[in-house]
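J.: At position 188 of the sequence shown the residue is numbered 188 (full-length UniProt numbering), and the sequence of numbers has no breaks.
All C-beta atoms in this analysis are idealised placements derived from N, C-alpha and C, irrespective of residue type, glycine included.
On a predicted model such as this, the values are computed, not experimentally measured, just so you know.
Structure below; questions to follow.
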Amino acid sequence: MTISIAVIGPGAIGTAIAAVLHEAGNTPLLCGRTAREHLVLQDKGRLVTVPGPVWTDPEELDGKIEVSLVFLAVKTTQTEAAGKWLSALGRQGTVVCVLQNGVEQVESVSMYCPLAQVIPSIVWFPVQAQSDGSALLRGDVRLTLPVGPASRVVAEALKGTRGSVKLAADFLTQAWLKLLQNAAAGLMALARRRAGMFGRSDVAGLTLAYLQECLSVARAEGAQLGDEVPQALLDKFLAFPADMGTSILTDCVAGRPLEWDVRNGVILRRGHSHGIPTPISDVVVPLLAAASDGPG
1 MTISIAVIGP GAIGTAIAAV LHEAGNTPLL CGRTAREHLV LQDKGRLVTV PGPVWTDPEE
61 LDGKIEVSLV FLAVKTTQTE AAGKWLSALG RQGTVVCVLQ NGVEQVESVS MYCPLAQVIP
121 SIVWFPVQAQ SDGSALLRGD VRLTLPVGPA SRVVAEALKG TRGSVKLAAD FLTQAWLKLL
181 QNAAAGLMAL ARRRAGMFGR SDVAGLTLAY LQECLSVARA EGAQLGDEVP QALLDKFLAF
241 PADMGTSILT DCVAGRPLEW DVRNGVILRR GHSHGIPTPI SDVVVPLLAA ASDGPG
């Protein structure tokens, strides 16, 4: 079997990446937990169908396939479960592009594929899983990666597709900028409300205060982010459609484990390591952890 690219985790983000590759004539190998005949992406009123199957057992492909690029699109709470695929596909010379939240992607993934070149990425496009199993794309497919040879492999794979890749010399700053956005989105899970909630003056004030706290931690970590960032991120939430959700809200409503640690807990941990007061994180993180893991 000759396939050069694999997508592990055919959820919303994985479906979007698979769809833009398929449209350009480079249909990827699909790897996941649940067998499916195909994937469907809804995009601006049209449907893109990516042929399957979705493979569920790496042993079925043992010795039959080698890939040069793997997109890991499972949530961080599912990385361990995807470890068998990472181990099977992440061989010497393989590039593994991690499409996950947070600033600790390389550390959390490399243990499962020590021979591969693991690179982090920032996913900028909103895409939501739908009840019928399809994914709804609500923006352009954009990724940011650090400058380097492995990142150029990803850029080349998406060249000629509707997806775009930006190689950032200061990737750390961009990664923390996205983390601040994700951290604020955690408030939506606690309120169980969509983006319209940021139109409340009290929620807007809380969001600004929380983002200011997060900004102090990001700067201590070396991110070059200006004073305007908290307001700019709040303005972004305010500009979203009122009914736009986020993955952590969807998981919370569905009773699934939440990515609370990589999106919010990391702010608390890194803040404490730098001696930075984090009074809002001290409240937000335990509540998100309890919403995710219980008991009760």
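1. Given a cut-off of 9 Å on the beta-carbon distance, is the pair residue 76 and residue 259 in contact?
2. If you reduce the DSSP assignment to three classes, tell me which class residue 325 lands in.
3. Taking 7 Å as the limit between beta carbons, can you name the residues of its chain near residue 101, skipping five residues before and five after?
4. Tell me the DSSP secondary structure of residue 38 in three-state form.
5. Rounded to the nearest angstrom, how far is the Cβ of residue 138 from that of residue 128, given a contact under 8 Å?
6. Round the Cβ separation of residue 144 and residue 109 to the nearest angstrom and send it over; I've been treating them as touching at under 8 Å.
7. Considering only residues of the region 77 to 165, which uninterrupted beta strand (DSSP E) runs meet the minimum length of 3 residues and lie entirely inside it, listed in chain order?
8. Give me the DSSP bridge partner(s) of residue 51.
9. Does the beta carbon of residue 99 sit closer than 9 Å to a beta carbon anywhere in chain D?
10. Taking the beta strand (DSSP E) that residue 283 belongs to, which residues open and close that run?
11. With a cut-off of 8 Å on the beta carbons, I'd call residue 118 and residue 98 a contact; round off their distance for me.
12. Could you tell me which residues DSSP puts in a beta bridge with residue 43?
T.: Per the coordinate set shown:
1. Contact: yes.
2. With the chain running from 1 to 296 in the structure shown, residue 325 is simply not present.
3. Once the five neighbours on either side are set aside, the close Cβ partners of residue 101 are 76, 182, 259, 262, 263.
4. In the structure shown, residue 38 falls within a strand segment according to DSSP collapsed to helix, strand and coil.
5. That pair is a contact at about 7 Å.
6. So it is not a contact: roughly 17 Å between Cβ atoms.
7. Listed in chain order, they are 95 to 98, 117 to 120, 127 to 129, 135 to 137, 142 to 146.
8. In the DSSP assignment, residue 51 is bridged to 38.
9. The chain inventory of the structure shown lacks chain D, comprising one protein chain alone.
10. Counting along the chain, residue 283 sits inside no beta strand (DSSP E); it lies in the alpha helix (DSSP H) bounded by residues 279 to 293.
11. Between residue 98 and residue 118 the Cβ distance is about 6 Å, and since that is below 8 Å, they are a contact.
12. Partner residues in the beta bridge of residue 43, as assigned by DSSP, are 46, 137.
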